[in-house]
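**Q** Pasting a structure here, questions to come.
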Amino acid sequence: MQVLQALQALQAALAAEDAAIYGYGVAGAHLSGSQQATAQQYWTSHREARDALTDMITARDATPVAALAYYDLPVTVTDTATAATLAATLEDGVTAAYLGMVAVASRRLRQYGALAMQDCAVRAAYWRGSTAAFPGLPLPRSERPVVPVAG
Amino acid sequence: MARRRLLIASATTLPLLLTTTGCRSAGLFAGPDPLGPPPPLAHSTVVLETVIADEVALISLYESAAPGGSGVLAALLAEHRDHLARLRSRLVVPAGSSRRPHVATPRPAAVRPSVSRLRAAEQRSASSLVRRLSTVSVEPALAQLLASIAASDASHDAELGAL
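Just so you know, the sequences run in chain order A and B. Sequential numbering of the first sequence, starting at 5, is according to our numbering. Sequential numbering of the second sequence, starting at 5, is according to our numbering.
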């Protein structure tokens, strides 16, 4: 059961890394100068994380989930601002995926997930221009944005 | 009626009777020994107490660094206060525990802390949180909260580095 949980957490993190790699490719095309260089650097970090996760899954005699050919991105990128918003959103997604790894009963995986969350939170803060109090955690009910309901 | 009174009396006087006769009630009952010492705090509770104390110290440092309460430092201070509130909301110490939580009130820094000192404190906090959450006896939900706070602290360090 514990092995299964660890594997599920690793696969979820890998899927999130794959989505981030794809998304950074889209965002990077709308960035320039130092922002594009940063996007390139972060893209490389995500690829390295993907490779590390793939190795960890393979070492558990499991098949890593395959990356998709296309991802339905949460932000439509049209300019620099929306590219930065997409990059921040991608980092949030990866942070949340690593949060699952922190809950498994393995000292090593907990530590790995927690350190990966730190990298993601730093990158998200760069793109967003501000930090967050609880990266990866769902917002408490009282702090969730109110979504108007069509009547 | 007399039978009910007898039953109530048994529940209260039996432990006393067992003591005077040299018996341990735990040998007769399946639950915790009512005559034994209060149960120790769970490991997660001990970790939570320590983390709360560290967060209080960090807040005190920020309050000394940004007494005016504006700008980046004030924003980071606000997030630390959010951390503290969320941590405290999780702290439930069962009645009869062997000790009560103790959170020391740190003294304000005599000299206004520099940004580099704040960065060092954020780095220490993030490392310490990861070390604590890695212990498997820390319950998963608490481990996730500590990981999230550690990630926030790491981003604070980066934010301070850009000042």
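Beta carbons are placed, not taken as given, at the ideal position from N, Cα and C, and that holds for glycine.
Which residue wins for smallest C-alpha separation from B:L150, given the options B:V96, B:S138 and B:H160?
**A** Counted from its first residue, the second sequence places residue 150 of chain B at position 146. B:L150 has its Cα closest to that of B:S138, out of B:V96, B:S138 and B:H160.
**Q** From B:L52 to B:A46, what does the alpha carbon distance come to, in whole angstroms?
**A** Here residue 52 of chain B is taken as the residue at index 48 of the second sequence, counted from 1. Here residue 46 of chain B is taken as the residue at index 42 of the second sequence, counted from 1. One C-alpha to the other measures close to 10 Å.
**Q** What span of residues does the alpha helix (DSSP H) with A:A108 cover, start to end?
**A** Translated into positions along the first sequence, residue 108 of chain A becomes position 104. For the record, residue 108 of chain A in the displayed sequence is Val; it is not Ala. Note, A:V108: premise wrong, no alpha helix (DSSP H); not H, not E.
**Q** Between which two residues does the alpha helix (DSSP H) containing A:E52 stretch?
**A** Within the first sequence, the letter at position 48 stands for residue 52 of chain A. From DSSP, the alpha helix (DSSP H) with A:E52 extends over G37 to T62.
**Q** Would you kindly check if the distance between the Cβ of A:L11 and the Cβ of A:L57 is under 8 Å?
**A** Stepping through the first sequence from its first residue, residue 57 of chain A is reached at position 53. Stepping through the first sequence from its first residue, residue 11 of chain A is reached at position 7. No, the pair does not count as a contact, with Cβ atoms beyond the cut-off.
**Q** Residues in the same chain with beta-carbon distance under 6 Å from A:M60, minus the five sequence neighbours each way, listed in chain order, please.
**A** Walking along the first sequence from the start, residue 60 of chain A turns up at place 56. Correct list, in chain order: L14.
**Q** Could you tell me if A:D96 is buried or exposed, where buried requires 16 or more neighbouring beta carbons within 10 angstroms of its beta carbon?
**A** Working through the first sequence from its first residue, we reach residue 96 of chain A at position 92. Buried, since its Cβ has 16 or more Cβ neighbours within 10 Å.
**Q** Excluding five sequence neighbours on each side, which residues of the same chain lie with their C-beta closer than 8 Å to the C-beta of A:A136?
**A** For the purposes of this step, residue 136 of chain A is identified with residue 132 of the first sequence, where counting begins at 1. Correct list, in chain order: A125, A128 and A129.
**Q** By the 7 Å beta-carbon criterion, what residues does the stretch 68-98 of chain A contribute toward chain B?
**A** The residues in question: there are none.
**Q** Which chain B residues are close to A:G117, counting only those with a beta carbon under 8 Å from its beta carbon?
**A** Start at 1 with the first residue of the first sequence, and residue 117 of chain A comes out as number 113. The contacting residues are A151.
**Q** By how many angstroms is the C-alpha of A:Q45 removed from the C-alpha of A:Y26?
**A** In the first sequence, the residue the question calls residue 26 of chain A occupies position 22. In the first sequence, the residue the question calls residue 45 of chain A occupies position 41. Roughly 14 Å separates the two Cα atoms.
**Q** Let me know if A:P142 comes out buried or exposed under the rule of 16 or more other beta-carbons within 10 Å of its beta-carbon.
**A** Taking the first residue of the first sequence as position 1, residue 142 of chain A is located at position 138. Classification of A:P142: exposed, given that the 10 Å Cβ count is below 16.
**Q** Beta carbon of B:D161, beta carbon of B:R123: below 8 Å?
**A** In the second sequence, the residue the question calls residue 161 of chain B occupies position 157. In the second sequence, the residue the question calls residue 123 of chain B occupies position 119. Yes, the pair counts as a contact, with Cβ atoms nearer than the cut-off.
**Q** Rounded to a whole number of angstroms, what is the C-alpha to C-alpha distance between B:A78 and A:G117?
**A** Taking the second sequence and counting its residues from 1, the one referred to as residue 78 of chain B is at position 74. Taking the first sequence and counting its residues from 1, the one referred to as residue 117 of chain A is at position 113. Going by the C-alpha atoms only, they are around 29 Å apart.
**Q** Within 8 Å of any Cβ in chain A, is that where the Cβ of B:S29 sits?
**A** In the second sequence, the residue the question calls residue 29 of chain B occupies position 25. Since pLDDT at B:S29 reaches only 49, below the 50 mark, its modelled position is unreliable, and the value read off the structure follows with that caveat. Output row for B:S29: interface = no.
**Q** In chain A, which residues lie with their C-beta within 9 Å of the C-beta of B:E83?
**A** Position 79 of the second sequence, counting from 1, holds the residue named residue 83 of chain B. Neighbours of B:E83 on chain A, chain order: T135, A136, A137 and F138.
**Q** For B:A126, which three-state DSSP category applies?
**A** Counting from one through the second sequence, the residue named residue 126 of chain B turns up at place 122. Checking the displayed sequence, the identity of residue 126 of chain B turns out to be Glu instead of Ala. Here B:E126 sits in helix by DSSP.
**Q** Once you ignore the five residues that flank B:H84 on each side, which residues in its own chain have a CB closer than 7 Å to its CB?
**A** To locate residue 84 of chain B, count along the second sequence from 1; it is residue 80. Excluding residues within five positions, the ones whose Cβ falls inside 7 Å are E59, L62, I63 and Y66.
**Q** Cβ of A:L103 less than 8 Å from any chain B Cβ?
**A** Residue numbering aside, residue 103 of chain A sits at position 99 when the first sequence is read from its first letter. Answer yes: the Cβ-Cβ gap between A:L103 and chain B drops below 8 Å somewhere.
**Q** In angstroms, rounded to a whole number, what distance separates the CA positions of A:A31 and A:A70?
**A** To locate residue 31 of chain A, count along the first sequence from 1; it is residue 27. To locate residue 70 of chain A, count along the first sequence from 1; it is residue 66. Taking the straight line from one Cα to the other gives about 22 Å.
**Q** Could you give the DSSP three-state label for B:L150: helix, strand or coil?
**A** On the second sequence, position 146 is the one that residue 150 of chain B refers to. In the structure shown, B:L150 sits in a helix (DSSP, three-state: H, G or I).
**Q** Output, in chain order, the set of chain B residues within a Cβ distance shorter than 7 Å of A:V7.
**A** Here the question's residue 7 of chain A lines up with position 3 in the first sequence. Chain B residues near A:V7: none, gap ~14 Å exceeds 7 Å.
**Q** Whose Cβ in chain A lies nearer than 8 Å to the Cβ of B:V140?
**A** Residue mapping note: residue 140 of chain B aligns to position 136 of the second sequence, counting from 1. A109, S110, R111 and R114, listed in chain order.
**Q** So that I know if they touch, is there some Cβ in chain B lying closer than 8 Å to that of A:L141?
**A** By one-based count along the first sequence, residue 141 of chain A stands at place 137. So yes, A:L141 belongs to the interface.
**Q** Please confirm if B:D86 has its CB atom under 8 Å from at least one CB of chain A.
**A** Position 82 of the second sequence, counted from the first residue, corresponds to residue 86 of chain B. By this cut-off, B:D86 is an interface position.
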